[in-house]
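Line order of the protein sequences matches chains A and B.
In case it helps, our numbering puts the first sequence at residues 1 to 368.
In case it helps, our numbering puts the second sequence at residues 369 to 494.
Here a beta-carbon is modelled for each residue, glycine too, at the ideal position from N, C-alpha and C.
Here is the structure we will look at, set down as structure tokens.
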Amino acid sequence: MGTKKTSLYQLHQDCNAKFVEFAGYQMPIQYSEGIVEEHKFTRNHSGIFDVSHMGQLFIYGGEELIKDLEKIFPLDLKNLKLNHSKYSFLMDKDAGIQDDLIITKIDEGFLIILNAACKDNDFKILKELLKKKYKMVLDENRSLIAIQGPKSSQILNEVVDGVKDLNFMSGNWFLFDNQKVYITRSGYTGEDGFEISIPNNFAEKLTRELINKGSKLAGLGARDTLRLEAGLCLYGHDLDKDKTPVEANLKWAISKERISKGDFIGSDIIIKQLNDGVSKIRVGIKPEGRIIAREKTKIFNQSDVHIGEITSGTFGPSVNGPVAMGYVENEFSKKNTKVFLEVRGKKYAANICSLPFYKKSYVKGVNQ
Amino acid sequence: MSEVKYSKEHEWIKLEGDVATIGITKHATEMLGDIVFAELPEKGSDVEKDGTAGVVESTKAASDVYTPVSGEVVDTNQEIVDDPSKINQDPENSAWFFKLKIKDKSEMDSLMNKDDYDKFAKENNT
């Protein structure tokens, strides 16, 4: 099987994209202006990201589906309002993270946005866990376009009237060119923005209109520097099966009400870790100089003892310096703890810091 | 007269007397993307032909910089360390990396001239 192309492939080519293979798809890593410009344009204006490789899983069902999904996700789904979204994860019985995701309550059930590399496996796992009781569609006929940055609300609203009234982490159906598109106010860049689920045949038309209104395409490279500055995790790097949500410092995403019940997959481990603490935990790390500590860089304490590893590291264009995340032994996770990073055989000083590196500017919306 | 020569590792080298100025090619910077970090060899150190003599990092990845000839490092360009984006702006001129007092001019013989390098770069567009 060859690599897949998204419905924006031609547009990417027309815009001089450099392609990389990512999770079996030919995806644009950057366009002619480069990662730093695309990153800054998104922070200051508006960037468009083709994230059509991500999974759009529709699960159809009512009350019973809510009960069954609560056995899987650590969320208070029965109180999740229509068209509201939550960040969550699919865990195994040891609370290891098999994927991280956004789940949205829609009229007929739920829409779950999954990572590209995990989506087929997630589908299998969920189908089995739900005992094939519900209609599940991993929709390949829809594209997913993200528009992110402070001007995005105004730009998208010119093309799809009414989106500017959406609240953060909520969505609704809108019409574009007489097509039903589902738009949520969300994203993964630390900026205000939207994700648009749209039939494949209309994705290019929508994107070209957004470009005409002043937004610009940005590639996966900029997406990575933006999300890292925003302190957001990338599955397969900062999250994987060997890490739990508590270790990943994502306990804010676990419903307290559901912990008290303790009836979801992995809940015994989660509860134990919340009570007893964890031995390793995800932290932000800021190198003191310009040195970039990439994934798998070893972290040492002041006594030269190996205490952890970097899971994501790059140069942050808005921070104008290197930024990184990684896991360290719990006792070294306090803010301002001095650590050392081994890069090309030499050790460089760095400090544990709080996340995000770049302050979010999410808009709550007019109704809140 | 000084002639500029090129290596398969995408360095350029310009010899004046017995001092060679070395940097990375425009083609290399286009492959790397935005350069955000540069590390240079220490002044006074000796470097060996085809050995590592520095590092550049883009937002995407780190790459070693090799020296196409052997010699003693007599000068380094701190400007590109302080502002690595200069490498993208003017790679084959003001954004040179280091200067070597070279030992053996014959090491220059195996390097490519501009036409051969351009052809090589086009064929190795990765």
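With contacts defined by Cβ atoms closer than 8 Å, A/Arg258 and A/Ser197 do not form a contacting pair.
Your pair A/Phe123 and A/Leu138 checks out as a contact, with CB atoms roughly 5 Å apart and the cut at 8 Å. In the DSSP secondary-structure assignment, B/Met480 is bridged to B/Tyr374. By the Cβ test, the stretch 144–164 of chain A is in contact with the stretch 183–195 of chain A, since at least three Cβ pairs between them sit closer than 8 Å. With contacts defined as CB atoms closer than 8 Å, A/Phe264 and B/Val404 fail to qualify as a contacting pair.
Residue-level contact check: B/Gly422 does not touch chain A, since none of the beta carbons of chain A fall below 8 Å from its beta carbon. Taken atom to atom, the span from the alpha-carbon of B/Ala463 to that of B/Thr420 is near 18 Å.
Within chain B, not a single residue places a beta-carbon under 7 Å from that of A/Val323; the smallest gap is close to 11 Å. Straight through space, the alpha carbons of A/Thr104 and B/Val424 are spaced by roughly 43 Å. At a cut-off of 8 Å between beta-carbon atoms, A/Thr225 makes contact with chain B.
Distance from the Cα of A/Gln98 is smallest, within the candidate group A/Ser267, A/Pro245 and A/Asn212, for A/Pro245. A/Gly171 has A/Thr184 as its beta-bridge partners, per DSSP. Listed as beta-bridge partners of B/Ser426 by DSSP are B/Ile403. When the five nearest sequence neighbours on each side are left out, the beta carbons in the same chain lying within less than 8 Å of the beta carbon of A/Leu82 are those of Lys105, Ile106 and Asp107, in order along the chain.
The contact set of B/Asp386 on chain A, defined by CB atoms closer than 8 Å, is empty, because the minimum CB distance reaches about 30 Å.
By the neighbour-count definition (other C-beta atoms within 10 Å, threshold 16), A/Trp252 is an exposed residue. The beta carbon of A/Cys15 sits closer than 6 Å to those of Tyr31 and Leu217, all from its chain and outside the five residues before and after it, given in chain order. Interface annotation for the stretch 374–408 of chain B against chain A: Gly401, Asp402, Val404, Phe405, Ala406 and Glu407, criterion Cβ-Cβ distance under 9 Å. Note on A/Thr207: 16 or more other CB atoms within 10 angstroms of its CB, so buried under the neighbour-count rule. According to the DSSP assignment, A/Leu101 belongs to the beta strand (DSSP E) that extends over Ile97 to Ile106. Among the CB atoms of chain B, none fall inside 8 Å of the CB of A/Gly190. Annotation for A/Ser197: the continuous beta strand (DSSP E) segment containing it runs Gly193 to Pro199. Residue pairing of B/Glu384 in beta bridges, as defined by DSSP: B/Val387.
Taking the Cα positions, A/Ile270 is about 48 Å away from A/Asn212.
Put simply, the backbone Cα of A/Met27 is about 8 Å away from that of A/Leu220. For B/Lys428, the nearest beta carbon of chain A is closer than 8 Å to its own beta carbon. Counting only unbroken stretches of 4 or more residues, the alpha helix (DSSP H) elements lying wholly within the stretch 3–29 of chain A are 9–14, in sequence order. With its beta carbon less than 8 Å from one in chain B, A/Gly34 belongs to the interface.
A/Pro74 is positioned such that its CB atom lies closer than 8 Å to that of A/Ser88. With its beta carbon at least 8 Å from every one in chain B, A/Gln154 lies outside the interface. Within the same chain, and ignoring the five residues on either side of A/Ala324 in sequence, the residues whose Cβ sits closer than 6 Å to its Cβ are Ile285, Ala293, Ile310 and Gly313. For A/Ser88, there is no enclosing alpha helix (DSSP H); the enclosing beta strand (DSSP E) covers residues Ser85 to Met91. Contact residues of the stretch 284–307 of chain A toward chain B are Arg290, Ile291, Ile292 and Arg294 (C-beta to C-beta distance below 8 Å).
For A/Gln273, the enclosing alpha helix (DSSP H) covers residues Ser267 to Asp276.
Cβ contact annotation for A/Ala349 (same chain, cutoff 7 Å, sequence separation greater than five): Glu288, Lys338 and Phe340, in chain order. DSSP lists B/Ile390 and B/Thr444 as the beta-bridge partner residues of B/Phe466.
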